[in-house]
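Reviewing the structure listed below.
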Amino acid sequence: MNLKAIRIAIIAVIALFFTQSTNKTNKTPVSNSSPAITGASAGLPLDKIKLPKGFSIGIFAEVDNARSMAISPGGTIFVGNRNEDKVYAVEDTDGDGKADKKWIIAKGLNMPNGVAFKDGDLYVAEVNRIHKFAGIEGKLGNPGKSQIIYDKYPTESHHGWKYIAFGPDGKLYIPVGAPCNICEPKDPVFASITRMNADGSGLEIFAKGVRNSVGFTWHPVTKQIWFTDNGRDSMEGEDLPSCELNTASKAGLHFGFPYCHEGSVKDPEFGNKRPCSDFEKPADKLGGHVAPLGLKFYTGSMFPPSYKNQIFVAEHGSWDRTPKSGYNVTLVKLNNNNTVSGHEIFASGWMDNATQKVWGRPVDILLLPDGSMLVSDDQANVIYRIVYKG
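Just so you know, we're using our numbering here: the sequence shown kicks off at 4 and counts up by one.
What follows is the structure in structure tokens.
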């Protein structure tokens with residue numbers, strides 16, 4: 004082989020190396036994506052949504068039955084379903100504040116409500132098992148088969164959909180709702196929040212007496228978990244019991260279900276078995292049947308300083324109350340990082356109070372790196388983006 008041929012061969016090898024390296028770090032394949040906004044949401048009455056002065060809301064993405072959300076460090080948003088069977092990924096690739104690409108990561112799943120992201124891998128929760136899609140961002144167009152890291156959760160679908168998230172301890176937290184409206188479950192894993200290692204090992208019950216939590220987060224300073232809990236139905240009156248915002252300072256605490264509700268209301272069926280003094284009291288009572296789901300501490304820099312380290316809660320809204328309640332994003336205010344001083348409505352308008360007609364139901368909250376806030380809506384089939392411009 005002459006010198007010229009050797010030089011050509013070396014150049015070809017170098018070019019191949021750089022091509023392969025680029026492909027390995029390419030975050031989003033261009034194939035198999037679809038538009039994230041098609042115009043299907045154009046008729047939504049966003050002008051009906053009321054926000055504090057200086058805030059505005061728009062459509063970030065269209066996702067059928069958009070439920071829980073998770074974000075990767077690279078900015079990919081993963082979205083779960085409850086009434087559908089899919090998991091989606093959406094991206095704003097041109098930085099205009101609206102997603103432009105959408106992928107179906109998985110389909111044919113059983114209530115894949117929960118999504119979480121850690122160390123390049125996507126975790127998805129079905130009713131009874133946890134999937135892991137390794138290295139997901141490099142293969143959004145063709146994710147391949149997942150690894151099942153755990154498949155021993157109960158198969159009951161009543162409150163069986165799961166919100167999942169990784170805590171500051173590196174463990175994956177997974178709730179297991181009560182398999183009923185009100186009952187004493189025989190299996191202690193029901194009505195709990197569990198946690199496990201990222202590989203599915205070391206399962207333990209972290210919190211007990213939690214009827215149905217579909218959202219939790221951790222304080223950015225204290226690293227303490229805060230979580231929502233949906234109160235039971237069919238008690239006397241329209242306001243009892245209140246749905247709860249709770250916090251746990253350590254593992255092993257009991258939050259009352261099925262014996263005591265909202266910290267002081269004895270259950271009419273099971274309340275005589277144990278006193279309310281046995282249990283943790285809620286950090287805040289959010290109201291009867293408002294159905295609080297996802298929540299986040301505000302840690303961004305876009306909103307005014309008064310919102311720093313305060314909690315935003317998505318209220319999915321009641322299904323059996325007259326008049327209806329919830330259908331808001333609520334702001335919960337904290338004093339000294341751990342004491343609630345009160346709450347107020349931050350965003351409303353998904354329900355017409357006069358007619359009681361509902362066109363949207365907030366589900367989950369996520370913060371983008373620029374400090375704006377995403378809110379998923381499983382009825383309107385969209386993800387909103389809330390910004391502050393002052």
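All residues carry an ideal CB built from backbone N, CA and C; glycine is no exception.
Nearest candidate by alpha-carbon position, reference residue i, set the options
i	options	result
Val217	Trp229, Ser328, Val224, Pro223	Trp229
Ser36	Gly345, Leu143, Ile386	Leu143
Arg198	Asn275, Ala73, Gln359, Val179	Val179
Gly173	Cys183, Phe120, Leu337, Gly46	Phe120
Gly297	Tyr262, Ser379, Gly212	Ser379
His161	Arg214, Gly205, Ala73	Arg214
Lys253	Thr158, Gly234, His264, Glu283	Glu283
Glu87	Pro76, Asn68, Gly77, Ile74	Asn68
Gly117	Asp103, Thr96, Arg70	Arg70
Gly363	Asn249, Leu112, Ser321	Ser321
Asp202	Lys135, Phe273, Ser309	Lys135
Gly42	Val316, Glu94, Ala102	Ala102
Tyr156	Ala128, Asp95, Gly274, Thr342	Ala128
Phe315	Asp323, Gly352, Leu248	Leu248
Gly255	Asp281, Phe81, Asp50	Asp281
Val293	Gly352, Glu272, Asn312, Asn233	Asn233
Pro244	Asn145, His257, Asn184	Asn184
Ser309	Tyr391, Asn200, Ser237	Tyr391
Met305	Ile389, Gly212, His257	Ile389
Cys112	Asp95, Lys148, Asp99	As written in the sequence, residue 112 is Leu, which differs from the Cys given in the question. When only C-alpha atoms are compared, the closest one is Lys148.
Status (buried if at least 16 other CB within 10 Å, exposed otherwise) for residue i
i	result
Ala39	buried
Ile196	buried
Gly266	buried
Asn447	One cannot answer for residue 447 here, as it falls past the ends of the chain, which runs 4 to 393.
Ile151	exposed
Pro307	exposed
Asp381	buried
Val224	exposed
Glu318	buried
Glu65	buried
Met354	buried
Glu239	exposed
Pro365	buried
Val33	Residue placement at Val33 is flagged as unreliable, the pLDDT there being 42, under the threshold of 50; the coordinate-derived value follows with that caveat. Val33 should be labelled exposed.
Ser204	exposed
Asn356	exposed
Lys104	buried
Asp367	buried
Thr79	buried
Asp97	exposed
Pro271	exposed
Pro48	exposed
Asn331	buried
Ser237	exposed
Gly83	buried
Gly100	exposed
Gly46	exposed
Ile11	Residue placement at Ile11 is flagged as unreliable, the pLDDT there being 42, under the threshold of 50; the coordinate-derived value follows with that caveat. When all chains shown are included, Ile11 counts as exposed.
8 Å CB neighbourhood of residue i in its chain, flanking five on each side removed
i	result
Asp154	Asn131, Arg132, Ile133
Phe219	Tyr166, Ala168, Tyr176, Pro178, Ile196, Ile228, Trp229, Phe230, Thr231, Leu298
Cys279	Gly259, Tyr262, Cys263, Gly266, Ser267, Val268, Lys269
Ala137	Gly123, Asp124, Gln150
Pro55	Phe349
Asn312	His222, Pro223, Val224, Phe300, Tyr301, Thr302, Leu337, Asn340
Val343	Leu248, Ala286, Asp287, Val335, Lys336, Leu337
Beta-carbon contacts of residue i that lie in its chain and below 7 Å, excluding the five residues immediately before and after
i	result
Leu371	Leu377
Pro188	Ala181, Pro182, Ala194
Pro326	Gln359
His346	Asp287, Leu289, Thr333, Leu334, Val335, Lys336
Ile208	Pro191, Val192, Ser195, Thr197
Lys276	Tyr262
Pro285	Glu247, Leu248, Asn249, Glu265, Gly266
Proximal residues to residue i (C-beta, below 6 Å), its chain only, five neighbours per side dropped
i	result
Trp106	Ser36, Ala92, Leu143
Lys226	Pro171
Asp242	Gly291
Met114	Arg85, Val130, Trp164
Ala251	Ala210, Ile228
Ala18	The pLDDT assigned to Ala18 is 41, lower than 50, so where the model puts this residue is not dependable; a value taken from the coordinates is nonetheless given after this. Contacts found: none.
Gly303	Leu370, Gly374
Lys89	Ile107, Lys110
Cys246	Asn233, Gly234, Leu289, Val293, Pro295
Gly393	Gly57
Integer-rounded CB distance, given that residue j should sit under 8 Å from residue i
i	j	result
Ser44	Ile60	Actually they are not in contact, since the Cβ atoms of Ser44 and Ile60 sit about 12 Å apart, beyond 8 Å.
Leu369	Ile74	6 Å
Met72	Phe58	With a Cβ gap of about 20 Å, Met72 and Phe58 do not count as contacting.
Gly212	His257	4 Å
- Query: What runs of the alpha helix (DSSP H), each 4 residues or longer, lie entirely inside the segment 276-328?
  - Reply: none
- Message: Give the list of continuous beta strand (DSSP E) stretches no shorter than 3 residues that lie fully inside the segment 65-107.
- Response: 72-74, 80-82, 90-94
- Task: Please specify which runs of the beta strand (DSSP E), each continuous and at least 3 residues long, are wholly inside the segment 41-65, giving them in chain order.
- Result: 58-65
- Item | Residue ranges of each alpha helix (DSSP H) within the segment 176-221, 4 or longer | none
- beta strand (DSSP E) runs contained entirely in the segment 221-275, provided each spans 3 or more residues: 228-232, 245-251
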